[in-house]
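S.K.: Take a look at the following structure, please.
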Amino acid sequence: MTFWNRLAHPGQFVQWTRPLVWPLAGLSLVLFLAGLYFAFFVSPAEKYMGDTVRIMYVHVPSAWLSQFVYATMAASALGTLIWRHPMADVSMKAAAPLGATFTAMALFTGALWGRPTWGTFWEWDGRMTSTLVLLFIYFGIIALWRAFDDQLRAARVVAVFTLVGAVNIPIIKFSVDWWSTLHQPASVFRADGPTMPPEILTPLFVMFFAFTLLFAVLQLVGMHTEVRRRRVTTLERRAARGESR
77 MTFWNRLAHP
87 GQFVQWTRPL
97 VWPLAGLSLV
107 LFLAGLYFAF
117 FVSPAEKYMG
127 DTVRIMYVHV
137 PSAWLSQFVY
147 ATMAASALGT
157 LIWRHPMADV
167 SMKAAAPLGA
177 TFTAMALFTG
187 ALWGRPTWGT
197 FWEWDGRMTS
207 TLVLLFIYFG
217 IIALWRAFDD
227 QLRAARVVAV
237 FTLVGAVNIP
247 IIKFSVDWWS
257 TLHQPASVFR
267 ADGPTMPPEI
277 LTPLFVMFFA
287 FTLLFAVLQL
297 VGMHTEVRRR
307 RVTTLERRAA
317 RGESR
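The sequence shown begins at 77 in this note's numbering and counts up by one.
Below, the structure written as structure tokens:
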């Protein structure tokens, strides 16, 4: 069997990835502690926003992951529809609640940051509205998974819905360039280099990697749980068929 064939076997996937969970979780914790230390004790207050700029260290990674998780789901949807990869739909199902959580965090922290900065918790501009639409798409995907008893059939329906919803990701990304918005354009890196001083950029990147590793850990745990759940369901069905005979 090739590497990809082995990876497609749920038991092999769990066996190979289980040892990664605790090291990744430990590294994520270390990065969170370092990031929070830099954010609160090293990073200075911003000239115009003052200490409220520290919300950025949670808001920006959450906003990034809200889109990255959906991109992961879209890739998994292709794996389900084109290659019928057994772990692709498991990945989609495990990622959806995580994506919804990160999107909700991005909206909540954005509202907290917006009130002292812009004078309002909410404005129906392109970035905020499209991010809210993304949250509703996540909710729809979660509801679709729960609407089907047959998870294989659900996977195909969810995969199609996920790929259609992926149209919203470039809208979120480029909304600040396409429309007049409260959000500033790209403010971390531009063509001429970084736009932030190192004492602000460093904790932002540390928190960025901490959040990304946290997603990796939760995604693996969610996939392991889903594999076990399906295994139990299969055994229960086999036992029920045996009793009916």
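Note that the Cβ used here is the ideal one computed from N, Cα and C, for glycine as well.
Return the bridge partner residues of glutamate 122 from the DSSP annotation.
M.R.: DSSP, once it has assigned bridges, lists Gly126 as partnering glutamate 122.
S.K.: Among residues of its own chain, excluding the 5 on either side of arginine 94, which ones have a beta-carbon nearer than 6 Å to its beta-carbon?
M.R.: Answer for arginine 94: no residue qualifies.
S.K.: Go through its chain and collect everything with a Cβ distance to glutamine 91's Cβ below 7 Å, but skip five positions before and after it.
M.R.: No residues qualify anywhere along the chain.
S.K.: Could you tell me the alpha carbon to alpha carbon distance between phenylalanine 116 and threonine 185, rounded to whole angstroms?
M.R.: Taking the straight line joining both Cα atoms gives about 16 Å.
S.K.: Just the C-alpha distance for leucine 183 and glycine 318, rounded to the nearest angstrom, thanks.
M.R.: Using only the alpha carbons, I get a separation of about 50 Å.
S.K.: Please tell me whether tyrosine 214 and alanine 164 are closer than 8 Å, where the distance is taken between their beta carbons.
M.R.: No, the Cβ-Cβ distance between tyrosine 214 and alanine 164 is not below 8 Å.
S.K.: Using the Cβ count rule (16 or more neighbours within 10 Å means buried), how would you classify lysine 169?
M.R.: The residue is buried, with at least 16 neighbouring Cβ atoms inside 10 Å.
S.K.: Less than 8 Å separating the beta-carbons of alanine 180 and threonine 238?
M.R.: No.
S.K.: I'd like the ranges of any beta strand (DSSP E) spanning at least 3 consecutive residues and lying wholly in the segment 210-239.
M.R.: Counting whole runs of 3 or more residues, the segment 210-239 contains no beta strand (DSSP E) stretch at all.
S.K.: Measure from the alpha carbon of threonine 156 to the alpha carbon of each residue in Leu296, Val233, Thr128, then state which is nearest.
M.R.: Checked all of Leu296, Val233, Thr128; the closest Cα to threonine 156 is Val233.
S.K.: Quick one: Cα of arginine 307 to Cα of arginine 313, how far?
M.R.: Arginine 307 and arginine 313: Cα-Cα distance of roughly 10 Å.
S.K.: Count Cβ pairs between the segment 190-205 and the segment 218-235 that sit closer than 8 Å; are there 3 or more?
M.R.: Because the criterion of three Cβ pairs below 8 Å is not met, the segment 190-205 and the segment 218-235 do not touch.
S.K.: With three or more C-beta pairs closer than 8 Å as the rule, is the segment 275-287 touching the segment 131-147?
M.R.: Contact between the segment 131-147 and the segment 275-287 is present, because at least three Cβ pairs lie under 8 Å.
S.K.: Relative to the C-alpha of leucine 290, which candidate in Val106, Gln88, Ala84, Ala315 has its C-alpha closest?
M.R.: Comparing Cα positions, the closest option is Val106.
S.K.: Can you give, in chain order, each stretch of the alpha helix (DSSP H) that sits fully within the segment 127-202 and has at least 4 residues?
M.R.: Complete alpha helix (DSSP H) runs here, min 4: 132-157, 162-194.
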